[in-house]
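So our numbering is basically just the index in the sequence shown, starting at one, shifted up by 42.
Heads up, the beta-carbon is just placed ideally off N, CA and C, and yes, glycines get one too.
What follows is a set of notes on a single structure, which appears directly below.
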Amino acid sequence: MRYSQLYIIAIVLLCALSVGAFSRSANSGPIAGAVDSMQSETIPAPQIEPAILTDIIGQAHRDSTEATTATKASAAHQLPPADSADAVTASQLPAAIDADSAIAGNDSVASLHPDSIYADSIVSRITRHTYTPDSTNRSQLSRRRITPPEKGSNIVRTKVDLDNAVDFSAQDSMVLIGRNTAFMYGDSKVSYGNIKLDAEQIEMNLDNSTVYAVGGVDSVGDLFGTPVFDDNGTSYEAKTMHYNFKTEYGYITDVITQQGEGYLTGGQTKKIDENTFYVQNGRYTTCDNHDDPHFYMQLTKAKVRPGKDVVSGPAYMVLAGLPLPLAVPFGYFPFSEKYSSGIIFPTFGDDYNRGYYLSNGGYYFALSENIDLALTGEIYTLGSWGLRAESRYVKRYKYSGGFNISYLKTITGDKGMPDYSKATNFQVLWNHSQDSKANPNMSLSASVNFTTSGYTRNDLNSYYSNAFTENTKSSTINMTYRFPNSKWSVSTTANISQRSQDSTLAVSFPNFTITMSQLYPFKRKRAVGEEKWYEKIKLSYSGQFNNSLTAKQDEFFKKSLIKDWRNGMRHSIPISATFNVFKYLNLTPSINLTDRMYSTKVRRQWDPNASAEVLDTTYNFYNVWDFSAAISLDTKIYGFFQPLPFLGDKVKMIRHVLTPTISFTGSPDFASKFFGYYGSYQYPDAKGEMQTRTYSYFPNSLFGVPGQGKTGALSISLSNNLEMKVKSDKDSIGEKKISLIENLSLSQSYNFAADSMRWSNLNTSIMLRLVKNFNLNLSATWDVYTYALNSAGNPVRVNKLRITEGKGWGKLSSTGTSFSYTFNNDTFKKLFGKDKDKKDKKDSKNPSQSMDQEFAESTSDYESPTRKSKKKDSGLELDDDGYMKWSVPWNLTFNYSVNYGYGEFDYKKLEYKGKITQNLSFSGNIRPTANWNFGFSASYNFDTHKLAYMNCNISRDMHCFTMRASFVPVGPYKSYNFHISVKSSLLQDLKYDKRSSYSNGVRWY
C-alpha cells in the first residue's frame, strides 16, 4: 500500500503541474478552449526537484499494480485548496486534465519528427503544457464541448519556399547557426537544382534563400577561389556574388562570362532572371586573355541575354589599355548557336579608280538544314557596282556542293573623257560531288570555273590570289549511269576551256558516251574440260557523240549552230584474243572496227576565172568507216648480274627485265575512190603547169578521217626495267630494292605497203625514280629523214634516211618534261645526319636511369628536360637541355617545264634549228617566329629574262588581331594592300584597310 500511495502522489503532482504550474494566455489554442475561463489569477503549483521526482516515478512504476483503483480520488486530495470563489473545484479537474492531455498530446506530435512519437519524457510534457487564466476577467465560466482531433496522420506537413533540395559542402570547415544559416570555408559548393555555386567562402541563409560568395586572398595578396556560378550550363566567374534562390535575383561584381565568340567582363551586374542581366561599366572582348585583353569595347551600360545577344548603350574602344576616340552610340552583339537568317554587314574602303565603296554586304537566308543562300553586293562612289549570290548545299550520305555567281559593272574615268571605260564581267563557280553510297548506279560530278576575260582584272579580291595569274580555266560536268547487272553504261559531259590572254572559248556540249565493258561472247556458262581457243575471244564497244565550237568570247553567241558548230559520232569495236605459244610467248591477234558519222561534207574545185579554190558545203548524214587488223607477239626476258666480290658485298643482285614486242598491222588505202572519203582537183601552179591536189571531204572533223595509202607496218618496241637489291639495316628482311630505271622504252615501225618514207620516227621515253616522292618522266621523238628545198624554195621532207647521209640514225625533233618539287626543313636532315644523331643519342641512354626518371616524373613534381620541352610558357618551347628551341619552318616549291622542238630552218645546213621553251614558277614561305610569316609566288619569263609576275605577302598573328600586307612589286600590275582586323567574325568590321590599284601609278623605285 505504501508504494501505491507514492504512485498516486506522483500522478497528482503531474496533473497539478500540467494544469497550473505555468501561465498560458486565454487565446492560446486548444488548452484555453478545453478548460473553463477564469479570472486572471495563477493557480499555485507545487514545486518539486527533478531528481526527487525521478525517484518517485521509478518507485511508482515498480508497484504500479497495487495502485490502480484510487488514482482520481488521490489526485483530488493532493490539489491545493482554492483561495477564491473562482478556483477550480476538485470535481472539475479530472475532465479538464483528460481533455487537456489529449489535445496537448496531439499538439506535441505535430511538432516532432515521426520517428520521435511518444519519445518525450514526462519532464518534457510537464514543460510543454501550461495553464494561463483568462485575461478578460469574466465572472462566469465559459463551458463548451471539447472537439476531438481529426483522424488520420499525426504528421503536419509545412509548405516551404524552395522548390529543390539545397546541397552544400566545404572542404575546410563549416559553421552552422541554427538550422538555416551556414558559413563554409575552403572550396565550398552549393547546389540548388540546375544552379551551382563554387567559391572559397560562402555564406548561406535559408531564411531569406540567399547566398553570398567571395574568394580568398593568399599570402602575397592574390585572389584565389573566386566565385564560379553555373546557371543551366552558362558559367559566370566573379569577384563577389549575392544570389537569391527564390527570386533568382543576383548582384555580381567583376563578372567574367563567355558569350558567343567573346567574353563579357568587369563592372557591376544585376541578374533579374534566368535570361536577363544588366551590366554597368562592363567590357566585351574576343581576346581569350580576358584578364588583360589586348583590346575591348568599354560598355557604359548593357543588357545581356545569355546565348542570345548583348545590347549596349554608348561604347568606345580600348586598345592595349589606351582608350581610343572610336565610339558608337549603341552596340548590338548577337549570339546564336542556331542556324538562322540575318543581315551581312558590309565592309568599307576606297579604291583609286572607283572611289569609296561598301562591299560584301547583304542578307543571309537560312533556307533549310540542307541549303543556304547569301546575297551580297558592292557599290562604288564613281558608279561601279556588283552583285553576288553564294550558296552551299549538302545532303548527308547523298551529295554536297556549292555555287558562286558574280556580276560586275565596272566604270572608270569620267564620262566624256578619253580614259572613260565601262566593262561588264561575270563569274560562275560550281562544285558538286556525290557520295559513293548514295547511288551505286549513277554519279554526278561538277567542277565549273567560268569567268569572262576581264573579271579577275576588275575584282578586288582577285588581285592577290593565284587566280590573277591563271591564263587558262576549265570547267567539267559529268553524269554517268551504269545499268544494273549489265556491262553497259552511259555518260554525258560538258566541257568549257578558256584562254584569258585572247578571250578564246572552246565549248564542247553536249557530249554523250555509251560503253560496253569487255566480255567473252563465246565463253561457256558451264565449262567442262579445258578452255577452247574461241572462248578467249573478247570484245568491247564505245560510242561517242560530240558537239563543239571554238570562238572568241564576244563572237561566241553569234555563231551558227549548224554551220559553225562541229559535231559527229564515232563507234569503236575492238576484238582480240590472247594465246600462249611455246609456253613463253604471248600471241595476240586483234581487229579494230571504227565508224564515224558527220553532218557536213565539203567539196573543193578550182575556179579558173577567179584563180582560187571554191568550197561547196552540203549538210546531210555521212558515214565514214574504216578497219584494221593486227597481230602481236611479246614475252619477258630476265637477266641477273651479281657484282664481283672485290666491288664489295653491299649490292647483292642487279636484275634487268626486257620486254620485246613485235606486231604487224594492215589496212587498205581508204583514199581510193571506192570508199569516197577523198577527192581531187587540178590547178595550175606558178609556172602554169597543172598540179593535182588531193583533199578530204571532211576537213576539221571531230574524229578525223582514215589515212591515205595502204598500211602494212611492222612495229618493234623494247621496254626495259632495271632494279638493284642492296643490303639494308633499316628493313626487316635485311635488304631492299632500288629502282635504277623504272622504264626505258623504244619503238619504231616499217610500213611495207608505203611507196616512200617507210620508216616511222623513233619514239623513246624514260622514267626515273630519283627520290622517294619524285619521278622524272621524259619522252622524245627522233626524226630519221632529211630535208631539202622544193621548187618554191620551201623546206620539205625527202625520202632519204639520215643514216645514209652520215647524220646518224635520227635527229631530236621534240621532247619535253615537267616536274615540281618542294624543299623544306626535312629535306636535308638525312644529308646532315640529324636523324641519326637523335637515334644514337636515344640508344646511348641508360635504361635503368630512364626507368628511374620515368618513375620520378609520374610520382612527383619533378620535371625532366624532356617534359620541359613539351611545356610552353609565354610562347617559349625548351629543348632537352633547357634552352629555347629555335626552329624556322620553311618550304620552297619549284614548278618547271621544258620543251624542245623545231624552230627556224637553217637553209645552209638544210636542218631545222632547235627551239627551247621553258616555264618556271616558284613559291615559298618562311616562318621565322611563331607569329610572323613571309610568303611569295613568282613566275619567270625566259624570253625577256625577267620576272613576269610576283606576289609577296607578310602576315603577323597578333593573338586576337591579324595583320596582312600583300604587294606586287614588279610587272604591269604593281599594287599593294594592307589589312589589319579582329580575328573574330563577330567584330570583323573592326578593321583598317589600305589598298592601291595596278593603274594608280605606284612607284617602288
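I need the straight-line Cα distance from residue i to residue j, nearest angstrom please.
i       : j       : result
PHE1009 : SER997  : 12 Å
TRP472  : SER590  : 21 Å
SER1023 : HIS1001 : 11 Å
ASN961  : ASP711  : 43 Å
ASP649  : PRO837  : 28 Å
ASN1051 : THR828  : Residue numbering for the chain in the displayed model covers 43 to 1047; residue 1051 lies beyond these limits and cannot be assessed.
ASP999  : TRP974  : 7 Å
VAL259  : PHE266  : 6 Å
PHE287  : VAL436  : 46 Å
ILE783  : ASN762  : 8 Å
ASN793  : THR522  : 41 Å
LEU786  : PHE964  : 30 Å
ASP1035 : PRO970  : 25 Å
VAL352  : ASN274  : 19 Å
MET359  : ARG811  : 60 Å
ILE696  : LYS767  : 6 Å
SER856  : GLY956  : 9 Å
ILE453  : TYR462  : 7 Å
SER1026 : PHE1003 : 8 Å
Pick helix, strand or coil for residue i, following the three-state DSSP scheme.
i       : result
ASN762  : strand
LYS913  : With a pLDDT of 45 at LYS913, under the threshold of 50, the modelled position of that residue is not reliable, and the figure given next carries that caveat. Reduced to three states, the DSSP call for LYS913 is coil.
SER542  : coil
SER177  : Per-residue confidence for SER177 stands at a pLDDT of 42, beneath the threshold of 50, marking its modelled position as unreliable; the derived number appears in the next sentence. Three-state result, SER177: coil.
PHE870  : coil
ILE704  : strand
LEU1032 : coil
THR620  : coil
PHE16   : Here the chain comprises residues numbered 43 to 1047, so residue 16 is not present and cannot be evaluated.
TRP932  : strand
LYS479  : coil
TYR576  : helix
GLN595  : helix
LEU686  : coil
SER787  : strand
SER614  : strand
SER714  : coil
THR328  : coil
GLU279  : strand
TYR497  : helix
SER517  : strand
Between the options, which lies nearest to residue i when the distance is taken from Cα to Cα?
i      : options                        : result
GLY718 : PRO687, SER781, VAL644         : VAL644
TYR449 : LYS380, VAL470, VAL699, ASN763 : VAL470
TYR938 : ARG735, SER860, PRO365, GLY275 : SER860
GLY308 : ASN588, VAL297, PRO335, ILE556 : VAL297
ILE519 : HIS474, TYR497, PRO616         : HIS474
SER485 : ASP456, LEU502, SER531         : SER531
LYS343 : PHE337, PHE525, SER738, ALA357 : ALA357
ALA536 : PHE587, TYR583, ASP272, HIS332 : PHE587
ASN467 : ASN500, ASP456, ALA619, PHE936 : ASN500
ASP334 : SER354, PHE319, LEU361         : LEU361
ASN481 : PRO460, ASN491, LYS440, SER489 : LYS440
SER862 : SER410, THR935, THR555, SER277 : THR935
Tell me, to the nearest whole angstrom, how far the beta carbon of residue i is from that of residue j; I am working on the premise that it is less than 8 Å.
i      : j      : result
LEU764 : LEU788 : Rounded, the Cβ-Cβ distance is 14 Å, inconsistent with contact.
VAL253 : TYR285 : 5 Å
ARG608 : LEU744 : 6 Å
PHE865 : ASN817 : The pair is not a contact, with the Cβ atoms about 17 Å apart (cut-off 8 Å).
LEU306 : THR299 : 5 Å
ASP240 : VAL270 : 5 Å
TYR381 : ALA408 : 5 Å
Is any heavy atom in the ligand PLP found nearer than 8 Å to the beta carbon of residue i?
i      : result
ALA652 : Although the ligand PLP was asked about, the structure shown includes no ligands whatsoever.
- Three CB pairs or more closer than 8 Å across the region 594-601 and the region 569-577: no
- Is it true that the region 619-631 meets the region 649-659, where meeting means three or more beta-carbon pairs spaced less than 8 Å apart? no
- Task: Check whether the region 660-678 touches the region 632-642, counting contact only when three or more Cβ pairs, one atom from each stretch, lie closer than 8 Å.
- Result: yes
- Contact between the region 771-780 and the region 712-731 (3+ Cβ pairs under 8 Å): no
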